[in-house]
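Residue 27 is where the sequence shown starts when you use this note's numbering, and the numbers rise one by one after that. Note that CB positions come from ideal geometry on N, CA and C, so glycine has one too. Below: one structure, written as structure tokens.
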Amino acid sequence: IPIVLAIMILALFLVLIPVVPVAAVEWAIAIVFGALTAFNRVTIPAAIVMTLFMILGSTSQYWAPFLGLKGKQMSCLGIIAFFVGAIIGTGVLPLIGTVIGGMIAVMIVEFLNTQDWRKALVGGKVALQTFIVGMVMEFVFSAMIVATMIISLASTG
Numbered sequence: 027i028p029i030v031l032a033i034m035i036l037a038l039f040l041v042l043i044p045v046v047p048v049a050a051v052e053w054a055i056a057i058v059f060g061a062l063t064a065f066n067r068v069t070i071p072a073a074i075v076m077t078l079f080m081i082l083g084s085t086s087q088y089w090a091p092f093l094g095l096k097g098k099q100m101s102c103l104g105i106i107a108f109f110v111g112a113i114i115g116t117g118v119l120p121l122i123g124t125v126i127g128g129m130i131a132v133m134i135v136e137f138l139n140t141q142d143w144r145k146a147l148v149g150g151k152v153a154l155q156t157f158i159v160g161m162v163m164e165f166v167f168s169a170m171i172v173a174t175m176i177i178s179l180a181s182t183g
């Protein structure tokens with residue numbers, strides 16, 4: 027049990043790598059451990075809660091922009107550009123290319139839309155801020171998976 031918890035805690039730091047779905051990694055560790063222990067230590071209700079946290083955490087970088095980009099000097103087309111740029115950036119330059127590609131795509135679209143580099147730079151800044159918020163949200167949901175695991179282990183031990 028201590029080894030599993032240590033792995034889960036260390037895995038939280040993977041949130042610094044944009045392409046790693048940390049919540050999914052945490053969830054997989056917990057569910058595999060649960061299955062190996064016939065869900066006696068990781069209860070079914072705990073597994074369900076962890077699954078919800080995993081879904082929210084793994085998708086936060088996709089739905090977080092809709093909470094922050096729209097209405098903050100970012101067009102709807104800018105949001106779409108962020109997704110496309112992030113995908114292309116990940117393919118071109120893994121790890122940091124995700125955020126760089128998204129920012130560049132937003133700046134290009136915003137410039138083409140407004141013909142104003144200042145507004146384009148603001149759009150890129152907002153894209154970066156929202157991406158960071160998404161990473162923080164993924165970390166929080168991943169930490170909640172770890173906490174749920176600890177609570178389940180403590181309540182069944």
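Straight-line gap, residue i to residue j (C-alpha atoms, nearest Å)
| i | j | result |
| --- | --- | --- |
| Met226 | Tyr88 | Examination of residue 226 is not possible in this model, given that the chain is present from 27 through 183 alone. |
| Val110 | Val46 | 18 Å |
| Pro44 | Ile70 | 30 Å |
| Leu179 | Ala131 | 45 Å |
| Met34 | Ala56 | 8 Å |
| Met161 | Val75 | 20 Å |
| Ala50 | Met80 | 6 Å |
| Phe39 | Gln141 | 40 Å |
| Ala61 | Trp143 | 54 Å |
| Thr156 | Leu119 | 20 Å |
| Ile106 | Ala153 | 11 Å |
| Phe65 | Ser181 | 13 Å |
| Val222 | Gly183 | Residue 222 lies beyond the residue range present for the chain, which begins at 27 and ends at 183; the question has no answer from this structure. |
| Thr63 | Ile27 | 11 Å |
| Met133 | Ala146 | 5 Å |
| Met129 | Ala173 | 33 Å |
| Arg67 | Thr77 | 16 Å |
| Ile29 | Ala54 | 15 Å |
| Gly123 | Val159 | 17 Å |
| Leu121 | Gly150 | 18 Å |
| Gly127 | Val148 | 16 Å |
| Phe108 | Ala73 | 33 Å |
| Gly117 | Ile177 | 39 Å |
For residue j and residue i, believed in contact at Cβ under 8 Å, the rounded distance
| i | j | result |
| --- | --- | --- |
| Ser101 | Glu52 | Wrong, their Cβ atoms sit about 35 Å apart, outside the cutoff. |
| Gly104 | Phe167 | Actually they are not in contact, since the Cβ atoms of Gly104 and Phe167 sit about 25 Å apart, beyond 8 Å. |
| Met163 | Ser86 | 4 Å |
| Val48 | Ala37 | 6 Å |
| Phe165 | Val41 | 4 Å |
The ligand MN heavy atom lying under 7 Å from the CB of residue i
| i | result |
| --- | --- |
| Val135 | The ligand MN is absent from the structure shown, which contains no ligands of any kind. |
Start-end ranges of the alpha helix (DSSP H) lying completely within the segment 69-140, minimum 4 residues: 70-94, 102-118, 123-140
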